[in-house]
Amino acid sequence: MVFPKHSPFNISDLRDADWNDVVSSVKVIGQPWVAYEHQNYEGKFLVLEEGEHKFVGEGMNDRISSLQVITEDLHNPQITLYEHVNYQGKSRVIRQATNLGAGHDNDIMSSHKVQRGVWLLCEHSDGGGIQYLLSFLRPLKDAAPA
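Okay, so the sequence shown: first residue is 0 according to numbering that gives the first Met the number 0, each after it adds one.
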């Protein structure tokens, strides 16, 4: 499946395009897409950035049922992470992909504010566990197990 550079719409149900639960590899041109396990952007999800993805992985192979294009501006992303809920305690500004598992911030951040861009927060440093897909403009996806 090829994801076009400027698709004008998301696909809430791939059955409408006769592509439900048959995708194994993808080519993304332009903005990233989010592939979801179920219709209406539900269930497990996979963020697909520009490029060729020869295999979507065991967890999503032949299981993709809806697609959502990320339309937000991805230049100069910024998120602030906070140690405690309600934006309290120590804070850290992040402007690029960062592995928090390797430092003092591992498993201590409890709230966040997205200033710019789209962010994927993962419970584990390998991208596994609970994931949050976040945007400044709109909620993209609630927490989902990886």
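Where a beta carbon is used, it is the ideal one built from N, C-alpha and C, also for glycine.
Relative to the C-alpha of residue i, which residue among the options is closest?
{"i": "V84", "options": "L99, G100, S109 and E41", "result": "S109"}
{"i": "I93", "options": "N105, L80, H103 and Y86", "result": "L80"}
{"i": "N60", "options": "A34, S124 and S90", "result": "A34"}
{"i": "N105", "options": "S124, Q87 and G58", "result": "S124"}
{"i": "K26", "options": "H52, V113, L13 and S90", "result": "H52"}
{"i": "L99", "options": "G88, S23, D17 and E82", "result": "E82"}
{"i": "Y86", "options": "P76, Q95, V113 and T97", "result": "V113"}
{"i": "S24", "options": "F44, I63, Y40 and G126", "result": "I63"}
{"i": "Y40", "options": "E57, L136 and N19", "result": "N19"}
{"i": "I107", "options": "Q130, Q95, T97 and G88", "result": "G88"}
{"i": "E36", "options": "D17, A16 and S11", "result": "S11"}
{"i": "G126", "options": "L73, V21 and A96", "result": "A96"}
Please look up how many angstroms separate the CB atoms of residue i and residue j, rounded, as I've assumed it's under 8 Å.
{"i": "S134", "j": "E49", "result": "No, S134 and E49 are not in contact; Cβ-Cβ is about 18 Å, not under 8 Å."}
{"i": "H111", "j": "I78", "result": "6 Å"}
{"i": "L66", "j": "W32", "result": "6 Å"}
{"i": "V55", "j": "L132", "result": "Not a contact, Cβ separation roughly 16 Å."}
{"i": "G29", "j": "K43", "result": "Their Cβ separation, rounded to whole angstroms, is 24 Å, which puts G29 and K43 out of contact at 8 Å."}
{"i": "N75", "j": "R115", "result": "6 Å"}
Name, in chain order, the residues that DSSP records as bridge partners for residue i.
{"i": "S65", "result": "Y35"}
{"i": "Q114", "result": "DSSP lists no partner for Q114."}
{"i": "I28", "result": "The partner list for I28 (beta bridge, DSSP) is empty, contrary to what the question assumes."}
{"i": "L47", "result": "W32"}
{"i": "E41", "result": "H37"}
{"i": "Q162", "result": "As displayed, the chain neither begins before 0 nor continues past 145, which places residue 162 out of reach and without an answer."}
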